[in-house]
Every structure is written in C-alpha cells, then in structure tokens.
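Numbering (our numbering), first residue to last: 15 to 492.
Before any comments, here is the structure.
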RNA sequence: GCCCCCUUCGUCUAAUGGUCAGGACGUCAGGUUUUCAACCUGAAAACAGGGGUUCGAUCCCCCUAGGGGGCGCCA
C-alpha cells in the first residue's frame, strides 16, 4: 500500500510568479490531483534581504488567478528557522557536521585557486578536521555539512532517469550561517521531511541540489522523496527566459488578456504530452497527467501558439463569463478608468449581446475590448484610416440610399436587418460587400469588426441610424 | 574551468529496431464568407554530425559539436 502523494510548490518570494514557476506549480497541482493527493504551498522566504511582502502577495494572487489551489495554509519557511537550527545542531552533535571558521576573504581566495587549478570551486574542507581551538579569535563559525568524500550519490529521477554524482565533486556546504540562520539546502530537507512531501517536482536547475539534499536526508536517516526535475522554459531564441520574452509575472499575462484555462493548457503542453492531444479540459489534464511523460529537453516559449489557444478558449467560453472576466480586467488596463466610465452601467448588457460576434475574432480579451469600442464610442465616430477608405463618396452615397429603407424597418433583429440590406444590394445591383463595408465603417469606425448585422441589432434603431447619418453628412459637401 | 542534463519540421511535440517519421501552432495555396476572424481542403517543412552493434538503425552504445543548468554564509 502506497502512501498518499503529497507534492509542494515552493517559490521564493523575491519576485513575481514567473511563467516557469507557474508551470512547476501546475505540474505539482496536476500530479496531486491525478493521484488524489495534496499539494502544499511553502514560501521560501529565508533570504530576508530579498524576500518581500509584495512578492508573496503576487505569487498567491497569481496561483489563485490560474485557479491552482493548495491544501492547507501556506507554510512560511522563515517561521521554521528554529527547527532547522535544531537539526543543524543535531548533525553537529553527531559528528556529521562541523564548525568552519573560514572568512569570506579566505573562501574567495580558495575559489580562485581552485578555478585556476581546474578544480570545482568548492570549499576545500580545511576546517573539517582542524580543531576549534585553532580558531582565530573574533570569528563566528558557520556550520558545514560533512559530505561524503568518496563514492557516489545517485538520484533516481522520474524525469531525468538515473543521475550519478561523484561525491568528490560535492563540497561541504554551509547548513547554518555564522549568524545562526539556516541555509536553503538544510531548510528544504527538513521541511520536505516534516511536511511529509512524497514527490518533489521542480525545475531542473535544482538537480545538483537534489544530490546535496539526498546526502543530508541520508545523514539524518530520513527517506528521500521521489524527485522529478522538469526542464526549464526558454525564450523564443533558445536562451534563458528573460524579461524581454516570457519571464513576466503571470499577472502580466492576465493584463494582456489571456484566460487562465488557456495558459494552463499551453503550459501543460510545454514539456509534457499525451499522444496527439493539444486542447484538453482541466479534467482531462488531471486524468492524463503523469511524471513519466514529461520530456527531458527544454522548451521554448511561443507566444503565437499561446494566442491561438487563447482564441480558442475565448470562442468557447460563455458570453456571460467573458463579460465577467472583462469587468475584472478593465481596471488593470492603462486607460481602464476612462473606458469604465464610457461603458457606464448599461454598457455591459450591450457588450454581452454583441459578444457572439466579438469573441469569434479576438485572440485576447484586450483585443476583444478593443474591437468592442464601437459599442461605447461617442458620436460622431472617428474613422480609422482603413475605414476612411471604405467610406469614400461612393460609400456615403450608398448609405444615403440605404438609410430610408432602414428607417422604415420595424423588426431590428439581425436576420431581418440582413434581409433588408441584402434586398437593397440586389435592387441597386451591387455586391453585398459594397454595402456592408461602408456600413461597418460608419457604425464602428473600423474596417474590421464583428458581423455587421449583429452590430446594427445590438446598437439598436436609434443609435444606428444616428451614426449612419453622422457619417453620411460628415462626408457630404457642405 | 569542473560537474550534470538535453538534441525529431521554424516552434511545441508523437511514434517505432523495418512507418510514405504522425499531430498541433505558424507559413504558403485554394474554398467558404458582407470585411476580418472562424471554419474546411491541400502543400512545403525534421530524425545535429561521425563512428560502432545489427540483416536493418531516428530508435541501442561511444565520440564530437551545439544548447542549457549548477558550482555562495542566494533560493
């Protein structure tokens, strides 16, 4: 009988929740859900200088927006420092660690020497056997872990396979700083053990740490968790993800108008696959996700594919939900306040009614909002350059002829409007496009926009006719 | 420099000791359409290089090259 799976997402709050972290969280979450286990959240805030309250908030917020929930309360690593210190002392008492009195300057010199000699620039173990009585006065010692010097440390990684490190390449790392605070590798081991973590799923930048942590687990007589080191996400140029490309916080993706479901779908396919399946529901993801199907090579972040996926999710999301999401998004946009004012209290209904035509042609929510501008535009509509071309004198004339027909029309449903305009086109012997294009330009100010009959219907009789008149007159010679 | 990892269309990826090496995004060409989008059809597009093992290697082994990660009293 196997234990319940417990995974953890353990970000350090030194910045936002970036895209790689988001995927790591997603994988942990999916694996926990898949196995019916739990995902815990641990905030690794032991670097007091760099950790910030704002970063913690941003991370929690990002996870919530992505709809990745965690079990229990977040655990703040800093609050566990006493326990970590206790374990460091225990290792010291058992002779599995020792006090090191080397100064920063000495360590620096040591590293330079090692590098010059072509060795790994690690600690040389000077204080491993030296007696504390030889310690120079006035130096507070750090505690170093006495790492095995011979043999190998082997990681049986669920993604990377069997990875072997020669112990001679792993130096004696500091586990307790001279100021008495614990360091990362010790804290992680103690916390993973105390939290009952069974599976550690994280970026493969931690692969070497896995070896060091394994050594500490062994020294403590504890079982190691199952490891799964996931390849990192690279930028479009194959280099490390930088701010220039995707290393934005997830809140930036939210602000760009991506849907969390789309981002999750995109992210899960980056480095993991289930046959030829591309688009999958969260339920399917949970059902199908497994560690063994994670690839071993780094993946490049591709905004274009994300956009495609986002377009799909926008098209298949209900009108009402899209309106809700847009409501939440607008305040985050640069000109959000002004837009909100123009929409007013009655604009949301209009937006929802226009949604069927709008959502067909937007890749992001921001694009959708942009396309919906005609709904809230003040008259007269300012024509964009493209639309200006469509509304040439000929177009204005056509509209002038169409106007009387529209005025007598009683039924302003999209279908009867379509019939009316089609009949007009036929009677005047021109192609439907010849009529539809200037009509669109007059009503929306744009050359591309939703279905024109829907636009007419959504704006309503009064508004539509007034707008057409505006544009026809604006073009008529005074 | 040392250690570790990786390498299939431009990108994300699938599959297999014998396949026309599959799908998706993107691109291109058609179709449909009131424009755009969506949708439909079709096309171009990949096993990094070199050695082995084998009747046969994209697949197994080794080397090279390229890319990435790590090497703190950071996490």
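All residues carry an ideal CB built from backbone N, CA and C; glycine is no exception.
Taking the Cβ atom as the reference point for each residue, do residue i and residue j lie within a distance shorter than 7 Å?
i           : j           : result
residue 328 : residue 21  : no
residue 247 : residue 313 : yes
residue 264 : residue 76  : yes
residue 193 : residue 239 : no
residue 89  : residue 64  : no
residue 336 : residue 464 : no
residue 160 : residue 110 : yes
residue 185 : residue 112 : no
residue 209 : residue 354 : no
residue 400 : residue 442 : no
residue 390 : residue 339 : no
residue 98  : residue 200 : yes
residue 102 : residue 230 : no
residue 82  : residue 157 : no
In whole angstroms, what is the alpha-carbon distance linking residue i and residue j?
i           : j           : result
residue 176 : residue 167 : 10 Å
residue 162 : residue 122 : 23 Å
residue 72  : residue 345 : 17 Å
residue 29  : residue 62  : 13 Å
residue 483 : residue 430 : 21 Å
residue 322 : residue 316 : 10 Å
residue 398 : residue 80  : 36 Å
residue 151 : residue 244 : 46 Å
residue 66  : residue 385 : 38 Å
residue 154 : residue 115 : 7 Å
residue 252 : residue 468 : 44 Å
residue 178 : residue 307 : 22 Å
residue 291 : residue 324 : 16 Å
residue 147 : residue 278 : 58 Å
residue 74  : residue 226 : 29 Å
residue 318 : residue 270 : 13 Å
residue 196 : residue 237 : 21 Å
residue 108 : residue 38  : 36 Å
residue 96  : residue 191 : 13 Å
residue 424 : residue 466 : 18 Å
residue 93  : residue 164 : 35 Å
residue 383 : residue 377 : 11 Å
residue 487 : residue 421 : 16 Å
residue 202 : residue 84  : 18 Å
residue 414 : residue 446 : 16 Å
residue 477 : residue 217 : 56 Å
residue 274 : residue 296 : 11 Å
residue 36  : residue 145 : 47 Å
residue 419 : residue 266 : 48 Å
residue 474 : residue 351 : 26 Å
Once you ignore the five residues that flank residue i on each side, which residues in its own chain have a CB closer than 6 Å to its CB?
i           : result
residue 58  : 24, 26 and 91
residue 409 : 452
residue 303 : 44 and 48
residue 268 : 79
residue 366 : 333 and 337
residue 375 : none
residue 280 : 320 and 323
Here's a check: name, in chain order, each residue in its chain whose Cβ is nearer than 8 Å to the Cβ of residue i, leaving out the five neighbours to either side.
i           : result
residue 19  : 45, 46, 49, 50, 51, 52, 212 and 213
residue 395 : 388, 456, 457, 458, 459, 481, 484 and 485
residue 492 : Its pLDDT being 41, under 50, residue 492 is placed unreliably in this model, and the value from its coordinates should be taken loosely. Excluding positions up to five away in sequence, the list is empty.
residue 15  : Unreliable placement is indicated for residue 15, whose pLDDT of 47 sits below 50; the coordinate value is still reported in the next sentence. If we look at residue 15 and ignore the five residues flanking it on each side, it has no Cβ neighbours.
residue 369 : 333, 336 and 337
Closer than 7 Å by C-beta to residue i: which residues in its own chain qualify, once you throw out the five before and the five after it? Chain order, please.
i           : result
residue 471 : 426, 427, 428 and 431
residue 173 : 242, 243, 244, 305, 308 and 310
residue 449 : 412, 416, 435, 438 and 439
residue 41  : 215 and 244
residue 17  : 212
residue 444 : none
residue 300 : 44, 47 and 48
residue 228 : 167, 169 and 238
* Uninterrupted beta strand (DSSP E) stretches inside the segment 182-236 (no shorter than 3 residues) -> 188-190 and 213-217
* Asked: If you scan the segment 86-131 from start to end, which runs of the alpha helix (DSSP H) of 4 or more residues do you find wholly inside it?
  -> 95-107 and 118-130
* To do: Count the CB pairs spanning the segment 318-328 and the segment 347-362 that are closer than 8 Å, and state whether there are at least three.
  => no
* For the segment 399-408 against the segment 442-458, are there 3 or more C-beta pairs whose distance is under 8 Å? -> yes
* Three or more C-beta pairs closer than 8 Å, one from the segment 338-353 and one from the segment 280-290: is that the case here? -> no
* What alpha helix (DSSP H) runs, 4 residues minimum, are completely inside the segment 32-78? -> 33-49
* **Those runs of the alpha helix (DSSP H) which lie wholly inside the segment 388-414 and span at least 4 residues** => 399-404
* Where are the alpha helix (DSSP H) runs, 4 residues long or more, that stay fully inside the segment 341-370, in chain order? -> 350-357
* Asked: Enumerated in chain order, which unbroken segments of the alpha helix (DSSP H) with a length of 4 residues or greater are wholly contained in the segment 421-470?
  -> 428-441 and 446-458
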